[in-house]
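Q: When we follow numbering that gives the first Met the number 0, the leftmost residue of the sequence shown carries the number 0, and every step to the right adds one.
Beta carbons: idealized from backbone N, C-alpha and C, even for Gly.
If you're wondering where the values come from, they're calculated on a predicted model, not measured in any experiment.
I have a structure I would like to understand better, so I am pasting it below and will then ask my questions one at a time.
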Amino acid sequence: MKTWVSLVIPLVLFVLTVVVLFFYPPAMTWGDLALFQYLPYVVLAFCFLLGAFFAQTRIAFISMLLVEVLFLISRFFFTGMNAARGDTVVFLSAIYVPLMSALFFRLHEKGIFTVHAGIRGLIVLSTIVVMGLVPLIQSEAMSAFKPVSGILHIPMAGIVVTLLCVPVLFVRNKHESPALGPIICIAILFFIGALNFRSNIWLIEQGRIVFLLFMLGAGVTLMWAIIESAWRNANIDELTQLPGRRSLKHRMAQLGSNYAIAMVDIDYFKKINDKYGHDTGDQVLRFLAAQMRKSDIGKAYRYGGEEFVFICQNHDFKETVEKLDGFRAYIHSKQFGVRGRSRPRKKPDVKPVKSEGASANLNISVSIGVAEDNGRHSSPQAVLESADKALYSAKKAGRNCVKAGQ
């Protein structure tokens with residue numbers, strides 16, 4: 000799943016929420032339904048459980064914070080009718096939620112039953128206590144944080160904090176889905192929409208349903224962030240960012256006819272690891288994966304170790320073999336720069352003396368075995384095994400070549 004695809008669902012949900020509020024009059028009565036009033040709580044509680052189970056405690060803690068905001072604003076604006084206290088909650092939550100979201104996103108995942116999780120839980124509880132107690136000590140200073148405008152009825156401080164936090168969410172965390180931060184950002188967009196329930200673009204009687212619908216959208220979006228991350232962890236190879244063996248099996252189960260499967264193996268990969276180290280070996284794997292991803296031969300997968308797979312559909316077998324041989328020649332023609340172990344990461348101010356540990360250029364080659372669904376094989380797995388045998392033949396033939404299976 001590409002990153003932009005992962006963002007489409009929550010963005011579409013946001014647009015649908017706005018469309019429903021503007022163009023579906025019966026939605027105005029939903030806020031009076033007890034079942035609908037509790038639905039955001041249920042979704043956010045479920046989101047907390049999912050986050051804890053799938054090792055996404057940051058989502059769990061953000062859900063906790065949203066539940067408290069949901070409760071306090073509902074109480075002060077729609078139940079207890081205490082707008083003065085509610086204004087303070089809106090002001091504090093407009094600052095806390097984006098700030099805590101960015102903070103938790105940048106912290107490493109440590110699991111739910113750890114000291115780190117306990118500390119983060121205390122941070123959330125402290126913000127909850129502040130939001131609950133500060134309204135008891137009203138001050139004139141709070142009047143300085145009035146809404147931006149009648150249309151954007153949110154404190155300026157909250158908008159500024161949100162704009163400062165959003166770029167943080169677009170800097171990818173290592174070992175995590177590249178879509179996680181942007182999806183959290185969309186959840187914050189829903190939250191800002193919820194806080195804007197008193198905007199003059201809505202009717203007064205729409206305030207409650209606007210707040211509940213956008214909070215519900217924030218919960219669903221956070222849930223989607225967990226699902227997307229869990230899917231990526233299960234299906235995408237972390238090192239190469241190619242679909243892994245699990246995805247390959249699913250794809251093979253969907254194949255019909257007129258397809259070919261190619262096995263690609265890096266020649267002398269063990270020697271590369273032994274001579275230059277495993278970090279260089281990882282760089283070689285990423286290099287080959289990037290070239291396969293850009294190729295028009297077919298869909299690329301990492302099979303395991305230094306082996307990769309192309310799934311080629313609706314193909315002409317002779318043309319596919321020619322493309323594979325062209326790909327092999329292209330890889331062999333590329334100069335791969337190996338960073339020496341003693342070479343500094345940053346360029347020094349003075350020209351260094353070339354030493355034994357300096358960088359070197361490495362010519363990589365691959366061997367490829369390919370087989371097609373020609374009626375002789377009973378299943379895609381049999382085609383894969385035929386391609387694997389052809390790969391073995393390419394290795395025996397001296398490597399750096401393409402062999403076709405029967």
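On the DSSP bridge assignment, give the partners of ALA261 in chain order.
A: BP columns for ALA261 point to PHE309, VAL369.
Q: In chain order, which continuous runs of the alpha helix (DSSP H) of length 4 or greater are located wholly inside the region 240-289?
A: Within the region 240-289, the complete alpha helix (DSSP H) runs of at least 4 residues are 244-253, 268-275.
Q: Using the C-alpha atoms, what's the distance from ILE111 back to LYS322?
A: Computed Cα separation, rounded: 49 Å.
Q: How is LYS333 classed by DSSP in three states: helix, strand or coil?
A: Here LYS333 sits in coil by DSSP.
Q: What residue from ALA116, ALA193, LEU254, ARG327 has the CA that sits closest to THR16's CA?
A: Among ALA116, ALA193, LEU254, ARG327, the Cα nearest to that of THR16 belongs to ALA193.
Q: Where do the N-terminal and C-terminal ends of the beta strand (DSSP E) with LYS298 fall, by residue?
A: First-last of the beta strand (DSSP E) with LYS298: 298-303.
Q: Taking the alpha-carbon positions, what's the GLN290 to VAL42 distance?
A: Taking the straight line from one Cα to the other gives about 42 Å.
Q: Report the residue from LEU132, VAL170, LEU212 whose alpha carbon sits nearest the alpha carbon of GLN36.
A: Nearest of LEU132, VAL170, LEU212 to GLN36, Cα basis: LEU212.
Q: Given that a residue counts as buried once 16 or more other Cβ atoms are within 10 Å of its Cβ, and exposed if not, what is ALA389?
A: With 16 or more other Cβ atoms within 10 Å, it is buried.
Q: Going by C-alpha distance, which of GLU305, ASN272, ASP278 is nearest ALA288?
A: ALA288 has its Cα closest to that of GLU305, out of GLU305, ASN272, ASP278.
Q: Using DSSP with H/G/I as helix, E/B as strand and the rest coil, what is PRO379?
A: If DSSP states are grouped into helix, strand and coil, PRO379 belongs with the helices.
Q: For ILE58, which three-state DSSP category applies?
A: Helix.
Q: Which residue wins for smallest C-alpha separation from LEU179, given the options PHE196, LEU221, GLY157, GLY149?
A: Here the closest residue by C-alpha is LEU221.
Q: Looking at C-alpha atoms only, which residue of ARG375, ASP324, LEU361, PHE286 is the closest neighbour of VAL401?
A: Checked all of ARG375, ASP324, LEU361, PHE286; the closest Cα to VAL401 is ASP324.
Q: Is the separation between the beta-carbon of ALA229 and that of ALA386 shorter than 8 Å?
A: Contact flag unset, no.
Q: First and last residue of the beta strand (DSSP E) that includes VAL401?
A: First-last of the beta strand (DSSP E) with VAL401: 401-403.
Q: Quick check: what's the CA-CA separation for ARG171 versus LEU162?
A: About 17 Å.
Q: Could you give the distance in angstroms between the alpha-carbon of VAL406 and the alpha-carbon of ALA186?
A: Residue numbering for the chain in the displayed model covers 0 to 405; residue 406 lies beyond these limits and cannot be assessed.
Q: Does the beta-carbon distance from ARG292 to LEU241 come in below 8 Å?
A: In contact: ARG292 and LEU241 (Cβ atoms closer than 8 Å).
Q: Using DSSP with H/G/I as helix, E/B as strand and the rest coil, what is ILE200?
A: ILE200: coil per DSSP, three-state reduction.
Q: Enumerate, from N- to C-terminal direction, the unbroken alpha helix (DSSP H) stretches of 4 or more residues contained entirely within the region 72-131.
A: Counting only runs of 4 or more, we get 82-105.
Q: Rounded to whole angstroms, what's the CA-CA distance from ARG342 to SER148? Just pull it up for me.
A: Confidence is the limiting factor: at ARG342 the pLDDT is only 47, short of 50, which leaves the residue's position unreliable, though a coordinate-based value still follows. Computed Cα separation, rounded: 56 Å.
Q: Under 8 Å Cβ to Cβ from GLN380, same chain only, skipping five residues before and after it: list those, please.
A: Cβ within range, chain order: MET251.
Q: Is it buried or exposed for PHE104, if we count other Cβ within 10 angstroms and need 16 for buried?
A: Flag for PHE104 reads buried.
Q: Taking buried to mean at least 16 other C-beta atoms within 10 Å of its own C-beta, is ALA224 buried or exposed?
A: The residue in question, ALA224, is buried, as its Cβ has 16 or more Cβ neighbours within 10 Å.
Q: Considering only DSSP beta bridges, list what LEU361 is partnered with.
A: According to DSSP, LEU361 bridges with PHE335.
Q: Using a Cβ-Cβ cutoff of less than 7 Å, which residues in the same chain neighbour HIS152 once the five nearest sequence positions on both sides are dropped?
A: Closer than 7 Å at Cβ, skipping near neighbours: PRO146, ASN195, ARG197, SER198.
Q: Look at the Cβ atom of ASP38, then the Cβ atom of THR126, and state whether they are nearer than 8 Å.
A: The residue asked about is misnamed: residue 38 is Leu in this sequence, not Asp. Against a cut-off of 8 Å, the Cβ pair of THR126 and LEU38 comes out as no contact.
Q: I need the straight-line Cα distance from PHE190 to ARG285, nearest angstrom please.
A: In a straight line, the C-alpha of PHE190 is about 38 Å away from that of ARG285.
Q: If distances are taken between C-alpha atoms only, which option among ALA116, VAL219, PHE75, ILE363 comes closest to TYR329?
A: Minimum Cα distance to TYR329 is reached at ILE363.
Q: Determine which residues share a DSSP beta bridge with PRO154 and list them.
A: For PRO154, which the question treats as bridged, DSSP gives the partners PRO146.
Q: Rounded to the nearest angstrom, how far is the Cβ of VAL369 from that of HIS376, given a contact under 8 Å?
A: No, VAL369 and HIS376 are not in contact; Cβ-Cβ is about 13 Å, not under 8 Å.
Q: In the DSSP assignment, what are the bridge partners of ILE183?
A: ILE183 pairs with nothing; no bridge assigned.
Q: Tell me whether the beta-carbon of PHE75 lies closer than 8 Å to the beta-carbon of ARG84.
A: Cβ distance < 8 Å, so PHE75 and ARG84 count as in contact.
Q: Could you pull out every residue in the same chain whose Cβ sits closer than 6 Å to the Cβ of VAL4, ignoring the five residues on either side in sequence?
A: Excluding positions up to five away in sequence, the list is empty.
Q: Between ILE310 and TYR258, is the Cβ-Cβ spacing less than 8 Å?
A: It is a contact, given that the beta carbons lie within the stated cut-off.
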